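See below for the structure under consideration.
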Amino acid sequence: MSLTLHVDGARWRAHLDAVATANPGLTPVVKGNGYGLTLPRLARRAGWLRDQGHDLDTIAVGTYSELETVASRFDGDLLVLTPWRPFGPELELDEHLERRVVHTVGRLEDLVDLLDRHPAARVVLERRTSMLRHGFDADGLRAAGRLLRGRRTASVAGVAFHLPLDQGSHLAEVLRLMDDVVAADLPTRTLWISHLSADELATLRRTYADYVVRPRVGTALWLGDRGALRVTSTVLDVHPLRRGQVYGYRGRTAPRAGHLLVVSGGTAHGIGLTAPAGESRLRARAAVLARGGLDAAGLARSPFTVDGRQRLFAEPPHMQASMLLLPAGARVPEVGDELDVRVRYTTTSFDRVLVD
Ligand SMILES: *Cc1c(COP(=O)(O)O)cnc(C)c1O
1 MSLTLHVDGA
11 RWRAHLDAVA
21 TANPGLTPVV
31 KGNGYGLTLP
41 RLARRAGWLR
51 DQGHDLDTIA
61 VGTYSELETV
71 ASRFDGDLLV
81 LTPWRPFGPE
91 LELDEHLERR
101 VVHTVGRLED
111 LVDLLDRHPA
121 ARVVLERRTS
131 MLRHGFDADG
141 LRAAGRLLRG
151 RRTASVAGVA
161 FHLPLDQGSH
171 LAEVLRLMDD
181 VVAADLPTRT
191 LWISHLSADE
201 LATLRRTYAD
211 YVVRPRVGTA
221 LWLGDRGALR
231 VTSTVLDVHP
241 LRRGQVYGYR
251 GRTAPRAGHL
261 LVVSGGTAHG
271 IGLTAPAGES
281 RLRARAAVLA
291 RGGLDAAGLA
301 RSPFTVDGRQ
311 RLFAEPPHMQ
321 ASMLLLPAGA
331 RVPEVGDELD
341 VRVRYTTTSF
351 DRVLVD
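At position 56 of the sequence shown the residue is numbered 56 (full-length UniProt numbering), and the sequence of numbers has no breaks.
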């Protein structure tokens, strides 16, 4: 009766193991909706990877609010990716958690403030990249270096770069940023980095052989083998539909005869009016024009597949269910049948995650 994520357990674990083997110092990113797999499951799975003998002592969460969920399920260090600020939940950490947390810091005033509050804080200094999200510029990083030379109780766990998603090579940018890191003369030789290819990581490690490079990986780890994952929705009801018949919250009339399907999965699960992009927009638009018919009635394509095709929403998705139009001629599923669904994992909350 639910929107379900099915995981081929053996295949998924083999993939995780392979990624960890290929990435010494891997820092699994465990944030948000847990990439659809939930935070508790990912935190426990990171511990399992470490127990397999991988060099894995830290996981990264996105925000301070996520710490509590993962802290009881993974007993290593907890890097917070969102930079520390002098407000919000970071000021309410309890002492036992404070000792396990590695703070990301991206502004000099925050470094001063954090070390005033916790002189022995563990910090990663973020160097701003072309993403322009967070972090020190080159001068800021040098100033941080000077400050830290006078604050020896602080523990500097590394420098971090957060790079844009793979648009060509990042290596030139990384090597430029490394010049700033070296110039800042920081008391660390650890580099935390995201979104580098295997080749780029290898080159970086060769070029800066005195640095430990620690890749932070979320998507390519947890969702890297899509063949291990399958999403299904359950058919909850099937109604024959006459042309012109009225249905739904909005009293629409059926543009032609067929069937109305009520299936599990709605806005509360993150099912939106637009299906995840798969075709290019132009091609999709051309196909809509060519198909005419139901599309022309202003109906949107759903992510639910029936009889091999993604079907149209009969109306915008409801909170936990969706209504689909199935034109006459298509094979009609039965109540209880499962339909394949295309979702974006990072924005979907599943009712169940079944690992087999
Ligand atoms: C989310 C995040 C990552 C992981 O990104 P993926 O694309 O899921 O691998 C790495 N670093 C930072 C700073 C992030 O916020």
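Note that the Cβ used here is the ideal one computed from N, Cα and C, for glycine as well. Only a predicted model underlies this, so the values are computations on that prediction, with no experimental measurement involved.
Given a length threshold of 3 residues, each whole run of the beta strand (DSSP E) inside the region 64 to 140 is given here in chain order: 77 to 80, 101 to 105, 122 to 126. Around the beta carbon of Val335, fewer than 16 other beta carbons lie within 10 angstroms, which makes this residue exposed. Looking at the DSSP output, Gln310 shares a beta bridge with Thr305. Shortest Cα-Cα distance from Val306 to any of Met323, Arg256, Met319, Gly298 involves Met323. When beta bridges are read from the DSSP output, Ile59 appears opposite Leu78.
Within the region 208 to 278, the complete alpha helix (DSSP H) segments of 4 residues or longer fall at 219 to 222, listed in chain order. Relative to ligand 1, His162 has its C-beta within less than 7 Å of a heavy atom.
Rounded to the nearest whole angstrom, the CA to CA distance from Ser72 to Ile193 is 26 Å. A distance below 8 Å between beta-carbons, with the five flanking residues on each side excluded, links Arg242 to the following residues of its chain, in chain order: Ala254, Ala257. Between the beta-carbon of Val29 and that of Arg216 there is about 5 Å, and that keeps the pair under the 8 Å contact cut. The alpha-carbon separation between Val181 and Leu91 amounts to approximately 28 Å. Looking at the DSSP output, Asp51 sits in no beta bridge, so it has no partner there.
The criterion of a C-beta distance shorter than 8 Å is satisfied by Leu49 and Ala20.
Residue side-chain check: Ala220 places its Cβ nearer than 7 Å to a non-hydrogen atom of ligand 1. In summary, Pro83 is buried, with 16 or more beta-carbon neighbours lying within 10 Å of its beta-carbon over all protein chains present. The Cβ atoms of Leu163 and Thr219 lie no closer than 8 Å to each other. Here Gly248 is actually not in contact with Pro317; their C-beta atoms are around 11 Å apart, not less than 8 Å. Nearest in C-alpha terms to Ala330, of all of Glu98, Pro240, Thr63, Arg142, is Pro240.
One thing to note: Ser264 has its Cβ no nearer than 8 Å to the Cβ of Asn33. Residue pairing of Thr27 in beta bridges, as defined by DSSP: Arg216.
DSSP, read as helix, strand or coil, puts Glu334 in coil. Looking at Gln320, Pro327, Ala321, the one whose alpha-carbon comes closest to that of Gln310 is Pro327. Its chain contains Leu236, Asp237, Ala321, Met323 as the residues whose beta carbon lies nearer than 7 Å to that of Val262, once the 5 sequence neighbours on both sides are disregarded; these appear in chain order. Arg214 is classed as buried because its beta carbon has at least 16 other beta carbons within 10 Å across all chains shown.
When beta bridges are read from the DSSP output, Val159 appears opposite Leu125, Leu191.
Spatial neighbours of Gly135 in its own chain (CB-CB distance under 6 Å, excluding positions within 5 residues in sequence) are listed in chain order as Gly106, Glu126, Arg127, Arg128. Relative to ligand 1, the beta carbon of Ser194 is positioned inside 7 Å of a heavy atom.
Residue nearest to Arg149 within the set Ala209, Leu111, Leu97 is Leu111 (criterion: CA-CA distance).
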